[in-house]
Amino acid sequence: MRIQCGRPESILVIRPSAIGDIVMASPMLPRLRGAFPQARIHWVAEPAMADLLAHHPDLDGVIVWPKQEWNRLIKKGRFPALIRKVRAFREELASKRPDLVLDIQGLLRSRFLARLSGAPLRVGFRSKEPPLGLMTHIIDRGPSTKHIGSEYHYILDVLGVGPARPGCAFPIGESAMERARNLLERENMRGPYCVLAPFTTRPQKHWLEDRWARVADILRDDLGLEVILLGGPADRPSAKRIQSLCSGRVHVMCGKSNLLESFAIVTGASLTIGVDTGLTHMAMVQCRPAIALFGATCPYLFTDGTRSRVLYHPLACSPCKRSPVCGSSYPCMRSITVEEVVENAKELVGSGG
1 MRIQCGRPES ILVIRPSAIG DIVMASPMLP RLRGAFPQAR IHWVAEPAMA DLLAHHPDLD
61 GVIVWPKQEW NRLIKKGRFP ALIRKVRAFR EELASKRPDL VLDIQGLLRS RFLARLSGAP
121 LRVGFRSKEP PLGLMTHIID RGPSTKHIGS EYHYILDVLG VGPARPGCAF PIGESAMERA
181 RNLLERENMR GPYCVLAPFT TRPQKHWLED RWARVADILR DDLGLEVILL GGPADRPSAK
241 RIQSLCSGRV HVMCGKSNLL ESFAIVTGAS LTIGVDTGLT HMAMVQCRPA IALFGATCPY
301 LFTDGTRSRV LYHPLACSPC KRSPVCGSSY PCMRSITVEE VVENAKELVG SGG
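According to our numbering, the stretch in the sequence shown is residues 1 to 353, in order.
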């Protein structure tokens, strides 16, 4: 399939939420910029994601979609106020005069935003939700190559956009890197360190807390790495439990850094080990040494980096995604052993960190 897009002067990318997916989709931007250097490129995102994208050199700006504000007005039945907000947002989208909209979320709400923009060419992914005529073109997510971000590259392939630039990078910005260094100094950390990212919103993606503790102890005692448990404020109780199971020092930094600072900490790490969560995907996109632990979900098996590992032992029910059938035992995640995680960690750190 091929869709002719000409040479657009203005492009909107719609992926409002989901940190990991935004990170995995970000390599689209240098590819778009390389193909259309003259184009103005904007990303439509929810407020929490705006800072993450604000410093990207291949973006001309981020358009903030006030989703929560719209939801509050709906719940309160304040429909005249909602209509005014929708019209104002439509005007903001239309002010960019988009020729091309890429809806890489594929939900009804993201298609609605695409339609609001007034762009003559609106391309998005097929999903379970009906398109309702909101898009001009609906496409599949492409052949399953199990390569990180393959569906996002596929939509550009369909549009005839040139090949991706070589290399790995998600621009963090020197300011965030400096703030991250200051945070680490306040933790009395000055040597090489490893980031553990055990936390995510769905329990079927979690690994066992006692195994995280055993890995942390080995990384510290055998490899000489400081160990950081990194996540958001809500992850702090879980991190404290893991910390209590460790035999030595482990830094709990959950909630101490914002999203961009957390990504900066990951970028500076000698190794990141995590489940299917944004911090893990950031390490992969940055081509930093990383180990991903997948089970109920498996967004990819291969990355652009030469020093990354994906540990995934599929069962008959894998991947179950949002519908586990194992009675909360999650054998797919239990099948990942401490020994194989440590073996891979030693190989990655030993190869240059």
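Where is the CB? At the ideal position from N, CA and C, for every residue including glycine.
- Contact annotation, R241 with V252: C-beta distance approximately 10 Å; criterion of less than 8 Å not satisfied.
- Annotation for V325: C317 place their beta carbon closer than 8 Å to its own, counting only its chain and skipping 5 residues before and after.
- In this structure, L279 and L208 do not form a Cβ contact; the two beta carbons are roughly 19 Å apart against a cut-off of 8 Å.
- Excluding the 5 residues flanking it on each side, V341 has same chain C-beta neighbours closer than 6 Å at V215, in chain order.
- The criterion of a C-beta distance shorter than 9 Å is satisfied by H281 and G20.
- Leaving aside the five residues that flank V13 on each side, the residues in its chain whose CB is nearer than 6 Å to its CB run, in chain order, W43 and L102.
- Looking at the DSSP output, S308 bridges to A290.
- Per DSSP, V215 is one residue of the alpha helix (DSSP H) stretching across E209 to L223.
- Annotated as proximal: T297 and P319, with beta-carbon spacing under 9 Å.
- Rounded to whole angstroms, G295 and P203 show a C-alpha spacing of 11 Å.
- Contact between V275 and T200 holds, since their C-beta atoms are separated by about 6 Å, short of 8 Å.
- Of K346, S328, I336 and E339, the smallest CA-CA separation from S308 is found for K346.
- DSSP places S95 inside the alpha helix (DSSP H), whose first and last residues are F79 to S95.
- The beta carbons of P27 and V285 sit closer together than 9 Å.
- Straight across, the Cα-Cα distance linking F79 with I218 is about 57 Å.
- The shortest C-alpha to C-alpha distance from D210 to any of E178, Q243, W70 and L225 is the one to Q243.
- One thing to note: I265 has its Cβ within 9 Å of the Cβ of I228.
- In the DSSP assignment, D103 forms a beta bridge with I14 and G124.
- Fewer than three Cβ pairs drawn from the region 176–183 and the region 59–74 lie within less than 8 Å of each other, which leaves the two stretches out of contact.
- Within the model, the alpha-carbon separation for V64 versus E92 is close to 10 Å.
- Within the same chain, Cβ atoms closer than 6 Å to the Cβ of S127 are found at G106, the five residues on either side in sequence being excluded.
- Counting C-beta atoms within 10 angstroms of its own C-beta, A25 has 16 or more neighbours from the protein chains shown and is therefore classed as buried.
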